[in-house]
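>
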Amino acid sequence: MLIIRSLPELRAHVEAWRGQGLRIGFVPTMGNLHAGHHALVDAARAHCQRVVVSSFVNPSQFGPTEDYARYPRTPEADAEGLRARRCDLLFLPEVATMYPFGLERRVRIRVPGLDDVLEGAHRPGHFDGVATVVARLFGMVQPDLAVFGRKDYQQLQVIRRLTADLAMPVEILPAETVREADGLAMSSRNQYLDPEQRKRAALLFATLQDMRRSRVAGCAREVVESRAANALGQQGFAVDYAVVRRADLSEPASMDESGLVALVAARRGATRLFDNLDLDPAPG
Ligand code: PAF
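Take 40 as the starting number for the sequence shown in the numbering used here and just add one per residue.
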């Protein structure tokens, strides 16, 4: 596996592969890789002959009170894990490579309608930072396909809109959420949970499953949402939202629509957890 820090070197490798007619898959990450990220690499590998992973803790998507400085950085372990997944190139840019005109003067991309609801309402500016860095990474790597986890459901929708609206020639492949045995969605932030918080964190997925069952039982949307918020509240979570939305995050007119998604976000202590579940029962 190549480990590359500079843009000219990255470009040289990608151009050589493209010259050989190879399809290039891309997995953007902020490092601290776990089995969830490895599944994204496997998904890219299944569709492409070369796989590039970037690892960059992007300052522009962290709010002033968020954990940019303390975000876990584990470059050696990440590289080892990626070698085992047969990643071809690990791109490790510096802040100056990603933002050559400086963070303050960077070009910013907004995705209206998606950037200020749900996660965006609780993390102002977050999705501008994500859209901007992903657009830059796409410009650098120029992948044919990029894989994003469904765990970050709203991020996936932001990236879909970004690529469609800016006519970027990148196929976006969503990958299923990888879960721990008790249902907790894998996330780098899970390591901040103390043992008691970790035990209770599984309640998020249990709540989502309950929302799915209530929908199948014919409950109204307001009932499904308030029952979920109450259940989490009773377990000591401060609930940011527990909602049912269409796939594009707009509000459904009826619970009979297909393609609905349940999304929850809640805080316990200093850690904020969020998760989502497709409300259509699994086929069969
Ligand atoms: O999902 C992430 O890890 C980040 O938001 C991403 C897409 C790598 C952009 O920094």
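For each residue, glycine too, the CB sits at the ideal point set by N, CA and C.
(1) Going by the DSSP bridge assignment, what does residue 198 pair with across the sheet?
(2) May I ask whether a heavy atom of the ligand PAF can be found less than 6 Å away from the beta carbon of residue 233?
(3) Evaluate residue 235 with the Cβ neighbour count: other Cβ atoms within 10 Å of its Cβ, from every protein chain shown; 16 or more gives buried, anything less gives exposed.
(4) Take residue 146 as the anchor and find which of 267, 159, 181, 167 has the nearest alpha-carbon.
(5) Quick check on residue 246: does DSSP put it in helix, strand or coil?
(6) Could you tell me whether the stretch 152-172 touches the stretch 47-64, using the rule of 3 or more Cβ pairs below 8 Å?
(7) Since residue 95 is in the beta strand (DSSP E), which residue starts that stretch and which ends it?
(8) If you reduce the DSSP assignment to three classes, tell me which class residue 210 lands in.
(9) Quick check on the DSSP output: the alpha helix (DSSP H) that includes residue 80 runs from which residue to which?
(10) Report the option in 294, 124, 222 whose CA atom is closest to the CA atom of residue 255.
(11) Residues in the same chain with beta-carbon distance under 6 Å from residue 149, minus the five sequence neighbours each way, listed in chain order, please.
(12) If distances are taken between C-alpha atoms only, which option among 290, 274, 284, 301 comes closest to residue 307?
(13) Just jot down, in chain order, the residues whose CB lies closer than 6 Å to any heavy atom of the ligand PAF.
(14) Reducing DSSP to helix, strand and coil, say where residue 67 ends up.
(15) Please report the Cβ distance between residue 190 and residue 216, rounded to the nearest whole angstrom; I am assuming they are in contact, meaning their Cβ atoms lie under 8 Å.
(16) Mind listing, in chain order, the continuous beta strand (DSSP E) runs of no fewer than 3 residues lying wholly within the stretch 269-321?
(17) In whole angstroms, what is the alpha-carbon distance linking residue 259 and residue 113?
(18) In three-state terms, what does DSSP make of residue 188?
(19) Buried or exposed for residue 42, going by 16 or more other Cβ atoms inside 10 Å?
(20) Skipping 5 residues on each side, what residues in its chain have a beta carbon closer than 6 Å to that of residue 62?
(21) Give the straight-line distance between the Cα atoms of residue 246 and residue 264, rounded to the nearest whole angstrom.
(22) By Cβ distance below 8 Å, which residues in the same chain neighbour residue 319 in space, the five residues on each side in sequence not counted?
(23) Consult DSSP for residue 62 and reduce its assignment to one of helix, strand or coil.
(24) Less than 7 Å separating the beta-carbons of residue 107 and residue 98?
Quick answer:
(1) Residue 198 is not bridged to any residue.
(2) No, the Cβ of residue 233 stays beyond 6 Å of every heavy atom of the ligand PAF.
(3) Label assigned to residue 235: exposed.
(4) Measuring from the Cα of residue 146, the nearest candidate turns out to be 167.
(5) Per DSSP, reduced to three states, the secondary structure at residue 246 is helical.
(6) Below 8 Å, too few C-beta pairs join the stretch 152-172 and the stretch 47-64 to call them touching: fewer than three.
(7) It is not in any beta strand (DSSP E) - residue 95 carries neither H nor E in the DSSP assignment.
(8) Reduced to three states, the DSSP call for residue 210 is strand.
(9) Its alpha helix (DSSP H) spans residues 74-86.
(10) Distances from the CA of residue 255 to each of 294, 124, 222 were compared; the closest alpha carbon is that of 294.
(11) Cβ neighbours of residue 149 beyond the five flanking positions: 167.
(12) Of the listed residues, the one whose Cα sits closest to residue 307 is 274.
(13) Checking every Cβ against the heavy atoms of the ligand PAF under 6 Å gives 67, 68, 69, 97, 100, 169, 172, 173, 191, 194.
(14) Reduced to three states, the DSSP call for residue 67 is strand.
(15) Confirmed, Cβ separation roughly 4 Å.
(16) Contiguous beta strand (DSSP E) elements confined to the stretch 269-321 occur at 277-284, 300-307, 310-317, taking only those with 3 or more residues.
(17) Going from the Cα of residue 259 to the Cα of residue 113 covers about 45 Å.
(18) Correct three-state label for residue 188: strand.
(19) It counts as exposed.
(20) Closer than 6 Å at Cβ, skipping near neighbours: 87, 88, 183.
(21) Taking C-alpha positions only, residue 246 is separated from residue 264 by approximately 10 Å.
(22) Once the five neighbours on either side are set aside, the close Cβ partners of residue 319 are 297, 298, 299.
(23) In the three-state scheme derived from DSSP, where H, G and I count as helix and E and B as strand, residue 62 is classed as coil.
(24) Yes, they are a contact pair.
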